[in-house]
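Taken in order, these protein sequences are the chains called A and B. The first sequence runs 2 to 339 under this note's numbering. The second sequence runs 2 to 339 under this note's numbering. From the three backbone atoms N, C-alpha and C, an ideal C-beta is built for every residue, glycine too. What follows is a set of notes on a single structure, which appears directly below.
Number of protein chains: 2
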Amino acid sequence: MATIGDVARAAGVSRSTASYALSGKRAISEEVRQRVAEAARALAYTPNAGARALATSQTMVLGLLAQFYEDEFAPAMMQYIRAVSDTARTLGYDILLVTEADGARALRRITDSRMVDGVVLLNIAEHDERLPVLRAAPRPGASVGLPADCSGLDVFDLDFEEAGRVMVDHLHRLGHRELILISQPEHVVHRGGAYVWRLRDAAVQRARERGVTLHAVYGESRQPAVGRLLNTLLDTYPSATGLLLNNEAAAAALPSVARARGLRVPEDLSVIGRYSDDFAATFSLPYSFIESAPDRLGSMAVRHLVRRVESTTARDEPYVVRFISPELVSRGSTAVPR
Amino acid sequence: MATIGDVARAAGVSRSTASYALSGKRAISEEVRQRVAEAARALAYTPNAGARALATSQTMVLGLLAQFYEDEFAPAMMQYIRAVSDTARTLGYDILLVTEADGARALRRITDSRMVDGVVLLNIAEHDERLPVLRAAPRPGASVGLPADCSGLDVFDLDFEEAGRVMVDHLHRLGHRELILISQPEHVVHRGGAYVWRLRDAAVQRARERGVTLHAVYGESRQPAVGRLLNTLLDTYPSATGLLLNNEAAAAALPSVARARGLRVPEDLSVIGRYSDDFAATFSLPYSFIESAPDRLGSMAVRHLVRRVESTTARDEPYVVRFISPELVSRGSTAVPR
DNA sequence: CTGAAAGCGCTTACAG
DNA sequence: CTGAAAGCGCTTACAG
């Protein structure tokens, strides 16, 4: 493989001149610039990334830390990964994907060894063990998801409280007075999935304010348990007219449960989910839903991170916590109660 | 961040001794070894990855090239990515994930710049434009999926021909004489998805040999089209007693279609799918299926790649093409025809 | 068993 | 506008 030295020799200039001609970081006579460009082209010169990283302390790589849990409904994760990866590439960065079970250790490894210029944390927990590591790390980070302590990183998340209120308000306005809310399984809360209780608590409170009866339960994340649960709930609360789903697996299972029970949506039951448009397409879910916007969140996280990485002034700006407002996408699955 | 020089100074030895003490690559007195280890620990020393890569020409990073297509059923991809990532980490490698639309260009970029020691290609097409780039690249590669020309890389795939035969034979043995095979959409074939016609052609031929009528059609990849297609086919071939699915979206859509038609499986219809165990769990598919084994394939690809990367003898061994034998996982969805 | 030195391939002040 | 040189942080022959 050709080095900058080969290019310089071929162009008849010094290595520094070749470097400057290629980077454009100082004035170069047009003639020399062309000779260097031509030599680089002819030799198919590509800078050695390691050497450049060593010289500049920049790798043009971002770490992406994804956590996987056995008991979790996986299809949602891919969209965040794609959003982060695509946005990063647009900005000139590659992605080092880390799926190690011990996220804290992995984070330390890739930042301490200077493999990455910054880091995006996915699937963040309320008291995420990666956070102290990130705060002590020599590289900045951003998270998708809201931890209890947001110091030392930029945070991006859906406004789950508002999402809960929007769900309740929407059905209340249509005249519903008894609703069921199925959240993620309780162990997701124990693991630190704050978005579960954030939506739930806000929905419960809003329901109380509106005089709406809300049966808030924790769900399951797998079939057939989640299907059974849906049936049990519909049996237990026959007078409930609306179903709120902060649980992807439950949403994916609902169509077949509804069909089996001969339950028409929205005539017999109004339904609002919380997932992404892409998820709805994959599972062909015919329900109105709060868009969880993984693409927007992933993209925002990367853009902010890159800004912090690249600008010396941005590096020391205060950290931000940014919420996306929930958008209710109508698919016609809500109506005046029966 | 501490450098090897800092460690050496703290331990009162030269940098080379510190390096050797840490790597164990030459004999070191136990006392010095301990002093160096202690100094490294105290200073939280982590080698700079770029510097090490420059000195050793090894990055300990593997590239993972994933292609995404708009018209594709995405959930399957994640399992390959996880398998590759987890296996790589086990072997001491990190993963550079590239999702760029222009895969050939991306491949050239990461290999020419020496960002990676080797490369895994996912979602490979029959005449994949990344292949010539890989053959010319200074780094070895492995693919999951079988291209037309396997020269210059290691290839791993499910034996889709055998899968087609196993499906037909299984139902033939039970007494079925008329079957429907739903493949991926035809545009997947046009794009170079050879596994589609590999399974299809083998199934067609085996059916002919066995005297079985096989209606082989291309499917859809999205709802609601795929649901409509299922209904149309079941209407068109009412005497067919078995359904073979080489199409994830169709498999995911079948339960609700069957329920809507009051169709019992396997009493009225025997069904065999082709997907992974994980996919079956996610969509709670109650059908017997040929395991597509993304974890095994991803893991094999990485192991072979790493062997080639690390061993000078393996580097020049002939390239391999390895097929996984299809395993029929019984879920009780096949029976003697009605 | 240990050290001084060269070299990996870049970038960027320093000097002219 | 251009070049010679230093330096980024490692590893590894070379020498003793």
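Within 8 angstroms, strictly: CB atoms of residue i and residue j
{"i": "H128 (chain B)", "j": "L182 (chain B)", "result": "no"}
{"i": "A50 (chain B)", "j": "G299 (chain B)", "result": "no"}
{"i": "L172 (chain B)", "j": "S271 (chain B)", "result": "yes"}
{"i": "P267 (chain B)", "j": "A336 (chain B)", "result": "yes"}
{"i": "R136 (chain B)", "j": "D118 (chain B)", "result": "no"}
{"i": "R275 (chain A)", "j": "L246 (chain A)", "result": "yes"}
{"i": "V63 (chain A)", "j": "I82 (chain A)", "result": "Contrary to the premise, residue 63 (chain A) reads as Leu rather than Val in this sequence. No; because the gap between Cβ atoms is not below 8 angstroms, this pair is not in contact."}
{"i": "F157 (chain A)", "j": "R323 (chain A)", "result": "yes"}
{"i": "A19 (chain A)", "j": "A12 (chain A)", "result": "yes"}
{"i": "P256 (chain B)", "j": "S285 (chain A)", "result": "no"}
{"i": "L23 (chain B)", "j": "V37 (chain B)", "result": "yes"}
{"i": "E187 (chain B)", "j": "Y219 (chain B)", "result": "yes"}
{"i": "P327 (chain B)", "j": "V167 (chain B)", "result": "yes"}
{"i": "R260 (chain A)", "j": "R209 (chain B)", "result": "no"}
C-alpha gap between residue i and residue j, whole angstroms
{"i": "G193 (chain B)", "j": "P76 (chain B)", "result": "20 angstroms"}
{"i": "L230 (chain A)", "j": "D170 (chain A)", "result": "25 angstroms"}
{"i": "L92 (chain A)", "j": "R332 (chain A)", "result": "35 angstroms"}
{"i": "P225 (chain A)", "j": "L329 (chain B)", "result": "22 angstroms"}
{"i": "A315 (chain A)", "j": "A67 (chain A)", "result": "26 angstroms"}
{"i": "F69 (chain A)", "j": "S144 (chain A)", "result": "16 angstroms"}
{"i": "S114 (chain A)", "j": "A54 (chain A)", "result": "12 angstroms"}
{"i": "A89 (chain B)", "j": "L97 (chain B)", "result": "11 angstroms"}
{"i": "D202 (chain B)", "j": "L244 (chain B)", "result": "16 angstroms"}
{"i": "N124 (chain B)", "j": "M116 (chain B)", "result": "22 angstroms"}
{"i": "V307 (chain A)", "j": "D95 (chain A)", "result": "12 angstroms"}
{"i": "V121 (chain A)", "j": "G142 (chain A)", "result": "6 angstroms"}
{"i": "A301 (chain B)", "j": "Y320 (chain B)", "result": "Per the sequence shown, residue 301 (chain B) should be read as Met rather than Ala. If I take the Cα positions, the gap works out to 14 angstroms."}
{"i": "A241 (chain A)", "j": "Q185 (chain B)", "result": "41 angstroms"}
{"i": "E311 (chain B)", "j": "S30 (chain B)", "result": "29 angstroms"}
{"i": "V205 (chain B)", "j": "F290 (chain B)", "result": "18 angstroms"}
{"i": "G165 (chain A)", "j": "R207 (chain A)", "result": "8 angstroms"}
{"i": "D150 (chain B)", "j": "A195 (chain B)", "result": "12 angstroms"}
{"i": "G6 (chain B)", "j": "A102 (chain A)", "result": "32 angstroms"}
{"i": "R262 (chain B)", "j": "L175 (chain B)", "result": "24 angstroms"}
{"i": "D317 (chain A)", "j": "E39 (chain A)", "result": "41 angstroms"}
{"i": "A297 (chain B)", "j": "H305 (chain B)", "result": "The residue asked about is misnamed: residue 297 (chain B) is Arg in this sequence, not Ala. For R297 (chain B) and H305 (chain B), the distance between alpha carbons rounds to 12 angstroms."}
{"i": "E162 (chain A)", "j": "Q80 (chain B)", "result": "32 angstroms"}
{"i": "A41 (chain A)", "j": "A41 (chain B)", "result": "41 angstroms"}
Residues of its chain near residue i, where Cβ-Cβ distance is below 6 angstroms and the 5 sequence neighbours each way are ignored
{"i": "L234 (chain A)", "result": "I181"}
{"i": "R178 (chain A)", "result": "V213"}
{"i": "R27 (chain A)", "result": "Y21"}
{"i": "A105 (chain A)", "result": "E130, R131 and V134"}
{"i": "V197 (chain A)", "result": "S184, Q185, V189 and V190"}
{"i": "Y46 (chain B)", "result": "A3 and V8"}
Residues of its chain near residue i, where Cβ-Cβ distance is below 7 angstroms and the 5 sequence neighbours each way are ignored
{"i": "S15 (chain A)", "result": "A9"}
{"i": "A294 (chain B)", "result": "L159, S277 and I325"}
{"i": "R211 (chain A)", "result": "V169 and H173"}
{"i": "A254 (chain A)", "result": "Q224, V227, G228 and L231"}
{"i": "T100 (chain B)", "result": "A67 and F69"}
Bridge-paired residues (DSSP) for residue i
{"i": "S184 (chain A)", "result": "A:Y219"}
{"i": "T214 (chain A)", "result": "A:E179"}
{"i": "D95 (chain A)", "result": "A:V62"}
{"i": "E31 (chain B)", "result": "Looking at the DSSP assignment, E31 (chain B) forms no beta bridge with any residue, so it has no partner."}
{"i": "A143 (chain B)", "result": "B:V121 and B:D155"}
{"i": "I291 (chain B)", "result": "B:R275 and B:L329"}
{"i": "R323 (chain A)", "result": "A:F157"}
{"i": "L246 (chain B)", "result": "B:I183 and B:G274"}
Own chain partners of residue i with C-beta closer than 8 angstroms, once the 5 adjacent residues on each side are dropped
{"i": "E73 (chain A)", "result": "V189 and S222"}
{"i": "T1 (chain A)", "result": "Residue 1 (chain A) lies beyond the range of chain A shown here (2 to 339); nothing can be said about it."}
{"i": "R109 (chain B)", "result": "V134 and A138"}
{"i": "S334 (chain A)", "result": "V266, P267, S271, V272, I273, P287, Y288 and S289"}
{"i": "T380 (chain B)", "result": "Outside the shown range of chain B, which is 2 to 339, sits residue 380 (chain B), and nothing can be said about it."}
Contact test: residue i Cβ vs the ligand ZN heavy atom, cutoff 7 angstroms
{"i": "I273 (chain B)", "result": "The ligand ZN is not part of the structure shown, which contains no ligands of any sort."}
Please list, in chain order, the residues of the stretch 198–231 of chain B that have any C-beta partner in chain A closer than 9 angstroms. Those would be R223, Q224, P225, V227 and G228, in chain order.
Name, going along the chain, the residues of the stretch 31–50 of chain A whose beta-carbon falls closer than 7 angstroms to a beta-carbon of chain B. Shown in chain order are the members of the stretch 31–50 of chain A whose Cβ falls below 7 angstroms from a Cβ of chain B: T47, P48, N49 and A50.
Output, in sequence order along the chain, the residues in the stretch 86–102 of chain A whose CB is closer than 8 angstroms to any CB in chain B. Taking 8 angstroms as the Cβ-Cβ cut-off against chain B, the residues of the stretch 86–102 of chain A that qualify are S86, D87, R90, D95, I96, L97, L98, V99, T100 and E101.
What residues in the stretch 242–272 of chain B bring their beta carbon closer than 9 angstroms to a beta carbon of chain A? The stretch 242–272 of chain B vs chain A, Cβ under 9 angstroms: A250, A253, A254, P256, S257, R260 and A261.
Chain-ordered residues of the stretch 126–148 of chain B with a beta carbon less than 8 angstroms from chain A: Answer in chain order: P139.
At a Cβ cut of 8 angstroms, what residues of the stretch 274–299 of chain A count as close to chain B, listed as they run along the chain? So the close ones are D279, A282, T283, F284 and S285.
Residues of the stretch 5–28 of chain B whose Cβ lies closer than 9 angstroms to any Cβ of chain A, in chain order: For the stretch 5–28 of chain B, there are no residues whose beta carbon sits under 9 angstroms from a beta carbon of chain A.
Quick one, which residues of the stretch 61–79 of chain A are near chain B if we go by CB-CB under 8 angstroms, in chain order? Under the 8 angstroms Cβ criterion, the stretch 61–79 of chain A contributes V62, L65, F69, F74, A75, P76, M78 and M79.
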